[in-house]
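Undergrad: Each residue of the sequence shown is one higher than the one before, counting from 26 in our numbering.
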Amino acid sequence: MFTRTSLFTCLLLATLAGGTSCMVAQSHRLEHDYDEGSKERRLIVKVPDGYLSENHQKQEEGYMVRTFNYPDGASFFIACKEISTNPVPTIEKSADVMTALLARMGGEGAGTSAEGTHWRRTLKDGFVVGFSDVDPKRLDLFNKSVKTVKCGN
Numbered sequence: 026m027f028t029r030t031s032l033f034t035c036l037l038l039a040t041l042a043g044g045t046s047c048m049v050a051q052s053h054r055l056e057h058d059y060d061e062g063s064k065e066r067r068l069i070v071k072v073p074d075g076y077l078s079e080n081h082q083k084q085e086e087g088y089m090v091r092t093f094n095y096p097d098g099a100s101f102f103i104a105c106k107e108i109s110t111n112p113v114p115t116i117e118k119s120a121d122v123m124t125a126l127l128a129r130m131g132g133e134g135a136g137t138s139a140e141g142t143h144w145r146r147t148l149k150d151g152f153v154v155g156f157s158d159v160d161p162k163r164l165d166l167f168n169k170s171v172k173t174v175k176c177g178n
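1) Could you check how far apart the C-beta atoms of alanine 16 and methionine 130 are, in whole angstroms? I think they sit under 8 angstroms.
2) Select from Lys71, Lys106, Lys172, Gly75 the residue whose C-alpha is nearest the C-alpha of leucine 127.
3) Serine 157 lies in the beta strand (DSSP E); which residues open and close that run?
4) So what's threonine 137 in DSSP terms, helix, strand or just coil?
5) Determine which residues share a DSSP beta bridge with valine 72 and list them.
6) Give me, in chain order, the residues of the same chain whose beta-carbon lies closer than 6 angstroms to that of lysine 169; leave out the 5 immediate sequence neighbours on both sides.
7) Comparing alpha-carbon positions, which option in Arg66, Val159, Cys176 lies nearest tyrosine 76?
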């Protein structure tokens, strides 16, 4: 049985997730509000056009990964460590947490796979943003999206 507070939190998160998903589908601009300690912040990133699906995965340790999947097998992702979701997600970005998050995501950097597709992972103000399995013809588009990441008030 849900308590009134947990039911309210679930409804609020569902509304926020649904509103953000609709906004992304129209403009491809993702805006994600979060708290950093006592500061209210906003992550803004332009997600590459043409994704088929969007997945949210939260692991036991609190790592949250939001992935956009493309028809050619490419993916664009944003990851962080959430320590609370009540009522707005609160992230942790200590050096230890960022090191663990980067390790979990495969480390920071960029490269080319044996199949000739490209990958990149970049640390940006408490988030790991990147992509994998990107065709060389679309590499510029995905690199530009990574560079659009802004975190602010």
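Where is the CB? At the ideal position from N, CA and C, for every residue including glycine.
TA: Judging by the given coordinates:
1) This structure cannot settle anything about residue 16, because the visible part of the chain is limited to 26 through 178.
2) Here residue 127 corresponds to residue number 102 of the sequence shown, with the count starting at 1. Of the candidates Lys71, Lys106, Lys172, Gly75, the residue whose Cα lies closest to the Cα of leucine 127 is Lys106.
3) Locating residue 157 in the sequence shown gives position 132, where the first residue counts as 1. From DSSP, the beta strand (DSSP E) with serine 157 extends over 152 to 159.
4) The count along the sequence shown starts at 1 and reaches residue 137 at position 112. Assignment of threonine 137 by DSSP, reduced to helix, strand and coil, places it in the strand class.
5) Here residue 72 is taken as the residue at index 47 of the sequence shown, counted from 1. Valine 72 is not bridged to any residue.
6) Within the sequence shown, the letter at position 144 stands for residue 169. Residues of the same chain with a CB within less than 6 angstroms of the CB of lysine 169, apart from the 5 flanking positions on each side, do not exist.
7) For the purposes of this step, residue 76 is taken as residue 51 along the sequence shown, with counting starting at 1. The shortest C-alpha separation from tyrosine 76 is found at Val159.
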